[in-house]
Each structure stands twice: as structure tokens, then as C-alpha cells.
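Trainee: Structure below; questions to follow.
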Amino acid sequence: MSTTTTNGKSDEACQSQSKETVKDAGRTASPTCLSACNSDLPDIIFTIDFAAQKHKDQRRKDPDKTPYINHPIGVANILIQEGGVEDLEVIQAAVLHDTVEDTDTTFEELEEAFGKSVTNIVREVTDNKLLSKEERKELQIKNASHKSHQAKLVKMADKIYNLRDLNRALPEGWDEKRRHEYFVWAQKVCCQIYDANEALATCLQKLFTEFFGK
Ligand SMILES: Nc1nc2c(ncn2[C@@H]2O[C@H](COP(=O)(O)OP(=O)(O)O)[C@@H](OP(=O)(O)OP(=O)(O)O)[C@H]2O)c(=O)[nH]1
Numbered sequence: 001m002s003t004t005t006t007n008g009k010s011d012e013a014c015q016s017q018s019k020e021t022v023k024d025a026g027r028t029a030s031p032t033c034l035s036a037c038n039s040d041l042p043d044i045i046f047t048i049d050f051a052a053q054k055h056k057d058q059r060r061k062d063p064d065k066t067p068y069i070n071h072p073i074g075v076a077n078i079l080i081q082e083g084g085v086e087d088l089e090v091i092q093a094a095v096l097h098d099t100v101e102d103t104d105t106t107f108e109e110l111e112e113a114f115g116k117s118v119t120n121i122v123r124e125v126t127d128n129k130l131l132s133k134e135e136r137k138e139l140q141i142k143n144a145s146h147k148s149h150q151a152k153l154v155k156m157a158d159k160i161y162n163l164r165d166l167n168r169a170l171p172e173g174w175d176e177k178r179r180h181e182y183f184v185w186a187q188k189v190c191c192q193i194y195d196a197n198e199a200l201a202t203c204l205q206k207l208f209t210e211f212f213g214k
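Per full-length UniProt numbering, the sequence shown starts with residue 1, numbered consecutively.
Right, here's the structure in full:
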């Protein structure tokens, strides 16, 4: 049955237009991305716009100083394209996951703009920067298995993105030892949350097998 979207187009019309757009863009996108044509799109764009403004002055630590916003958008994309995740709250939380930890954003601000559910997922994946780095890393290992299903999904995609980034380029000031330590620590966190999503678990296991098998 075809339904009408906020754009006033039927789902069928919308999907066929999306397929064209995807083909025209020359990308390999999974069919899941076609659902971006539905009424979630305004919320997704609003969320990306919010995160982009918050991260506007930040760069990643790679030698190219990639804009920081590439990371949360990439994490959301991994969830959709590789994890098959369609839960809007999870996608929004992924886009917002570093706003409180790494910018002046407050949980109150998030709650006002995105509601309690999205904010609580972000809260679950936000490290307390008042603690030492050692304490934060230890807490991630200790608490991983107690997180909600939604928070585990964001955590998995976040780690996939960071591990792939580490394979691509060493952040400035890092050496091979630090990269190795990050993989060891990330595996300790991730092995406890594989149950949340089989496809994402397979991505993580592949990353660890390839890295430690070198
Ligand atoms: N691989 C990679 N990571 C980068 C880059 N730029 C920034 N990061 C961030 O650095 C953090 C990992 O570095 P660490 O030394 O372990 O942590 P730190 O930022 O607290 O010092 C990750 O953030 P985090 O929120 O602390 O994530 P996580 O440590 O909880 O996984 C990651 O998102 C980059 O170019 N490559």
C-alpha cells in the first residue's frame, strides 16, 4: 500500500525517485537508504544541522585535519548502511553522540531540541571528561555490557569508524604503540556488546582479526 509523505509524494513515487538519485550519484547505497525519503528526513537534517553548528570549529586529529562533523555523520551512516539500523532515535543519537563530550552543548539543550529518549542514548555514550583518561577508558570496559540496546549500537558504530580511521592514518602525535593500545582497549569494550547487532559485530571482529593478525 502506498502512503503519502510530508512532501506530498507517495512512498512508491518517492522510492523510484530515490533510486534514480542514488544511481545518478554513482554511489553504492543499500536499499535501506531509500527510507530517508520518508517523514524522518526533516528530523535527520535538523539533527545534522545542530551537530554541524556545534562541531563547526573542530577538526579530527588526522594529518589532513578532517572536519570533525565527518565523524558523527559517518557513524550514523555505518549504522544505516552496514548495521541496517532504521531506528530514528539511534541515528539521531549517533549524529549527536560527541556534542556534549566535546563541545559546550548540555544535556538540557539536547532534551529541549530532541526529547528525552535521544538525549538518554547520548548520555549513555558520553564519557565524563572530569575523570582522568585512564578512569574513562576503564569505565567504558566496565559499563559496556550494561548499556541499552540503542546505546550499544551507537558505541559499535563509533568504534568501527575510529578503528577504520586508525587504519587509514595515525592521528598527529600517535605512534604504532598507541594505535595498538587503542585496538586492544576497543576490543575489550566491543566484545561485550556484539549481541546488539550481528552485522556490526562482524565488522568489528574483522577489524580486530586483521589488525592483530598482521
Ligand atoms: N582514530 C581517530 N580518532 C580520532 C581522530 N580525531 C579525533 N579522534 C578521537 O580520539 C579519540 C580516541 O583517542 P584517545 O586518545 O583514545 O582518547 P582521547 O581523545 O580521550 O585522548 C576518539 O574519541 P572518543 O570519543 O574518546 O572515542 P572512544 O575513545 O570512546 O572510542 C576519537 O573519536 C582521528 O583522526 N582518528
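Built from N, CA and C at the ideal position, the CB exists for glycine as well.
From a predicted model like this one, the values you see are computed outputs, not experimental measurements.
#1: Are the segment 147–154 and the segment 168–186 in contact at 8 Å, needing three or more beta carbon pairs?
#2: Distance, Cα to Cα, H180 vs E135?
#3: Quick check: T103 and L110, are their CB atoms within less than 8 Å of each other?
#4: If you reduce the DSSP assignment to three classes, tell me which class W185 lands in.
#5: Which stretch, first to last residue, makes up the alpha helix (DSSP H) that contains C191?
#6: Reducing DSSP to helix, strand and coil, say where R59 ends up.
#7: Going by alpha carbons, who is nearest to N162 out of Q53, N70 and T47?
#8: For P171, name the three-state secondary structure that DSSP assigns.
#9: Measure the beta-carbon distance from T105 to K54 and round it to whole angstroms, keeping in mind my assumption that it falls under 8 Å.
#10: When a residue counts only if its C-beta is closer than 5 Å to some heavy atom of ligand 1, which residues count, in chain order?
#11: Are the segment 121–135 and the segment 82–101 touching, with three or more C-beta to C-beta distances below 8 Å?
Mentor: Reading off the structure:
#1: no
#2: To locate residue 180, count along the sequence shown from 1; it is residue 180. To locate residue 135, count along the sequence shown from 1; it is residue 135. Their backbone Cα atoms lie some 19 Å apart in a straight line.
#3: Residue numbering aside, residue 103 sits at position 103 when the sequence shown is read from its first letter. Residue numbering aside, residue 110 sits at position 110 when the sequence shown is read from its first letter. No; because the gap between Cβ atoms is not below 8 Å, this pair is not in contact.
#4: Mapped onto the sequence shown, residue 185 falls at position 185. Reduced to three states, the DSSP call for W185 is helix.
#5: Taking the sequence shown and counting its residues from 1, the one referred to as residue 191 is at position 191. Per DSSP, C191 lies in no alpha helix (DSSP H) segment and is marked neither H nor E.
#6: The count along the sequence shown starts at 1 and reaches residue 59 at position 59. In the structure shown, R59 sits in a strand (DSSP, three-state: E or B).
#7: In the sequence shown, counting from the first residue as 1, residue 162 sits at position 162. If we check each option's Cα against that of N162, N70 comes out closest.
#8: The residue labelled residue 171 in the question sits at position 171 within the sequence shown. P171: coil per DSSP, three-state reduction.
#9: Position 105 of the sequence shown, counting from 1, holds the residue named residue 105. Position 54 of the sequence shown, counting from 1, holds the residue named residue 54. For T105 against K54, the beta-carbon gap comes to about 5 Å, under 8 Å, which counts as contact.
#10: R60, K61, D62, N162, D165, L166 and P171
#11: yes
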